[in-house]
């Protein structure tokens, strides 16, 4: 009979969160995976997350639907076109694909899930290197969330501490991929594209595709997923 | 043409949040009201919130559905019986009606709504006097959320500040009611009961009913809503 520590892992079905799941399993956590469905474009991500969760033998996997009514102004949740062929190498502004308060909402649900599963550790694949334009991917934001979380909950009120774990936060995409490959992650199961074709091929042009392809290239590896077209338009 | 400041007001349809809405309107805010639907028991609250929002001429009212899958262990969201006839006057433990991370999730959506409506003020009717058992009703929790919110968002990243306003936090229920009455709040529109009858009568016995009735009594006023039975069983 094993006595492993429960943890919550936010699992989008993408490259980063799948690597995080592999890290949590390597570190001996019993994983409660949490995914979010927030718009038609991302149903495919939930399917990927289900397959990935299953392959890692997670204890429990929940896919929570996020109600979009309060949102707007983001290409991921409205009719604004996903930018293609943008030069992401020097992007320092907040991208228009930013979803208002997204990580705050995700982490809030994770905090609830942690409370009901008695987990003290919440894993999230945020990255401050490639996504420097997103305010809620910065270490100071994560620390502030953690501090708030320890005041918000019964566990925190009783002196137990919630820890937000961000094992990828200071890694480049190439380092994330190299780490994942060393842990045996099968990246063919993952999906990153903001705007895939009807048949599921990645577009190869959006910010997420460009970052992913550049990461595999820098890691000296080949991305195993299918692309409709590679390179800037 | 008026140039009022936009604010987000969390509006449950209960006594406290309706008083908060009246305060925000008195203070000249253009209100974007946000309600949450999280379970059959509370659909009636949404109806009350809609009527109240309409009567206060709010600019926009959204009712967001909260997916309950990650929750459990709370009488408000599962099949655990609502406690009746409990002595609430000396309750210092965390009540079982506590919903995991509830205010954190509510405030996270409010933060998203604030961002898309360009509001810098978020009003929430938390109260540290009558709800001292809830960790996420304490001032230190609210301050930690505010700090996190200012690191989470584009507005925060650009130096604008989000303020979480809690005008009721240090008031007794009687003081809240007296304040509301001085602002002309029609409490017959509000609903507080955790377990109303099929015809909408408040039970008169749950914690929320007891606190409400005691508040009206201490304020020297009569609660205008209908009760099935008043007093402890």
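Protein chains in written order, with my numbering: chain A, 7 to 239; chain B, 7 to 239. Think of the CB as a built atom: it goes at the ideal place given N, C-alpha and C, for glycine as much as any other residue.
Residue 184 of chain A beta carbon less than 8 Å from that of residue 12 of chain A:
no
Does the beta carbon of residue 154 of chain A sit closer than 8 Å to a beta carbon anywhere in chain B?
yes
Check the DSSP bridge columns for residue 38 of chain B and list the partner residues they point to.
According to DSSP, which records beta bridges pairwise, residue 38 of chain B is partnered with B:14 and B:66.
Residue 121 of chain B versus residue 28 of chain B - alpha carbon distance
22 Å
Can you have a look at residue 41 of chain B and say buried or exposed, based on whether 16 or more other CB atoms are within 10 angstroms of its CB?
Taking all protein chains shown into account, residue 41 of chain B has 16 or more neighbouring C-beta atoms within 10 Å of its C-beta and is therefore buried.
The alpha helix (DSSP H) with residue 127 of chain B in it runs from where to where?
Bounds of any alpha helix (DSSP H) do not take in residue 127 of chain B; it lies within the beta strand (DSSP E) bounded by 127-129.
Exposed or buried, which one is residue 18 of chain A when buried takes at least 16 other CB atoms within 10 Å?
buried
Considering only the alpha carbon of each residue, which of A:204, A:208 and A:198 lies closest to residue 20 of chain A?
A:198
Go ahead and pull the three-state DSSP assignment for residue 143 of chain B.
helix
Comparing alpha-carbon positions, which option in B:235, B:228, B:33 and B:194 lies nearest residue 201 of chain B?
For residue 201 of chain B, the nearest C-alpha among the options comes from B:235.
Check whether the Cβ atoms of residue 140 of chain A and residue 76 of chain B sit closer than 8 Å, and answer yes or no.
no
Mapping the DSSP letters down to three states, classify residue 168 of chain A as helix, strand or coil.
Three-state DSSP puts residue 168 of chain A in coil, outside helix and strand.
Is it buried or exposed for residue 98 of chain B, if we count other Cβ within 10 angstroms and need 16 for buried?
Because residue 98 of chain B carries a pLDDT of 48, less than 50, the predicted location of this residue cannot be relied on, and the following value inherits that uncertainty. Counting Cβ neighbours within 10 Å, residue 98 of chain B comes out exposed, since fewer than 16 surround it.
Cβ pair residue 217 of chain A, residue 107 of chain B closer than 8 Å
no
Would you mind stating whether residue 66 of chain A and residue 128 of chain A have Cβ atoms separated by less than 8 Å?
Result no, Cβ atoms of residue 66 of chain A and residue 128 of chain A do not sit closer than 8 Å.
Using only alpha-carbon positions, find the residue among B:119, B:72 and B:38 that is nearest to residue 44 of chain B.
The residue with the shortest Cα to Cα distance from residue 44 of chain B is B:72.
Heavy atom of the ligand NAD within 7 Å of residue 170 of chain A beta-carbon
With respect to the ligand NAD, the structure offers nothing, as it holds no ligand at all.
Chain B contact residues for residue 111 of chain A, given Cβ-Cβ distances below 9 Å:
111, 114, 115, 117 and 118
Taking just the CA atoms, how far does residue 132 of chain A sit from residue 22 of chain A?
8 Å
Would you decide whether residue 81 of chain B is buried or exposed? Buried here means 16 or more other CB atoms lie within 10 Å of its CB.
Legend: pLDDT at residue 81 of chain B = 42, less than 50; position of this residue unreliable, value from coordinates given subsequently. Classification for residue 81 of chain B: buried.
Check the Cβ of residue 13 of chain B against every Cβ in chain A and list those closer than 7 Å, keeping chain order.
Those do not exist, as residue 13 of chain B stays about 14 Å from chain A at its closest Cβ, beyond 7 Å.
Would you call residue 159 of chain B buried or exposed, if buried means 16 or more other Cβ atoms sit within 10 Å of its Cβ?
buried
Please list, in chain order, the chain A residues whose beta carbon lies closer than 8 Å to that of residue 147 of chain B.
154, 157 and 158
Go ahead and pull the three-state DSSP assignment for residue 184 of chain B.
helix
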